[in-house]
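Basically our numbering = 1-based index in the sequence shown + 161.
Note that the Cβ used here is the ideal one computed from N, Cα and C, for glycine as well.
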Amino acid sequence: MGFAIFYGRKKIGRRMRANGGILIRTILKRWASRFFKMRLRECIGANKAIGFKVQIQFQPLAPRAIDHELIWSLLGLCIVAGVPLWVWLFGPPPLRCSFHDITTYPCLTCGATRSLLALAHLHLWTAFRFNPLCAICWALWALYIPYGLIASFGKLPRLRLTLSNRDWLVLRFLAPLVVIANWAWLIWDKR
């Protein structure tokens, strides 16, 4: 029993299915090419540079809403204070990265703990060299902790960012690229 693949209003029959892999790849490439060109034209506009239109609002916490600021601040406080304390009391953990042992390549988070320890000693460049993405995330989280605690315990309005659909699309496209660039750095640096 055969089946047909529909693309738009066109039905792709049995003959075309024989070369289906090539055909589907070609169709997807053309669609993706048109889609991203269209989105890029939308983003750039007539004479505009690509930029985010972020709306920053301070909103009070709704009744019976989850207090994300408190949760993430306390978790960050436990991690930022707990990891250096653990290493000081018991030394670095003896476990090695299984991915690194099997493939000899670092995993995406290799160097995250060393990066946190370097940040705790205020060795910024060393922390950045261990794992750039994790170093930036640790630093931003360290800035978020006081904000979250003050906003939660002071019952202050919460900072909320609103992005347009176009901006979310750009962020969804850039996030994997940032992770891949970070991983390429880890492989190139050979730490």
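* Asked: Do you know how far the Cα of proline 293 is from the Cα of threonine 287?
  -> Answer to the nearest angstrom: the Cα atoms are 9 angstroms apart.
Where do the ends of the alpha helix (DSSP H) carrying arginine 225 lie? Premise fails: arginine 225 is in no alpha helix (DSSP H) and is neither H nor E.
Cysteine 271 to arginine 327 span [Cα, whole Å] = C-alpha separation (whole angstroms): 33 angstroms.
Query raised in the report: For the beta strand (DSSP E) that arginine 257 lies in, which residues bound it at each end?
Result: Counted as a single uninterrupted DSSP element, the stretch harbouring arginine 257 is not any beta strand (DSSP E), since DSSP gives it neither H nor E.
Considering just the uninterrupted stretch of the alpha helix (DSSP H) at leucine 347, what are its terminal residues? Per DSSP, leucine 347 belongs to the alpha helix (DSSP H) from 326 to 350.
* To do: Tell me where the beta strand (DSSP E) around leucine 156 begins and ends.
  => One cannot answer for residue 156 here, as it falls past the ends of the chain, which runs 162 to 352.
- prompt: Near valine 340, which residues of its chain fall below 8 angstroms by C-beta distance, leaving aside the five closest residues on each side in sequence?
  reply: Non-local beta-carbon contacts of valine 340 in its own chain, meaning distances under 8 angstroms to residues more than five positions away in sequence, involve Leu269, Leu294 in chain order.
Alpha carbon of leucine 322 to alpha carbon of phenylalanine 219, nearest angstrom
Here the alpha carbon of leucine 322 sits roughly 9 angstroms from the alpha carbon of phenylalanine 219.
**Prompt:** On the premise that glutamate 230 lies in contact with arginine 319, defined as a C-beta separation below 8 angstroms, what is that separation, rounded to the nearest angstrom?
**Reply:** With 8 angstroms as the limit, arginine 319 and glutamate 230 qualify as a contact, their Cβ atoms being about 6 angstroms apart.
task = State the Cα-Cα distance for the pair glycine 401 and leucine 278, rounded to the nearest angstrom.
result = With the chain represented from 162 up to 352, any question about residue 401 goes unanswered, as that position is not in the structure.
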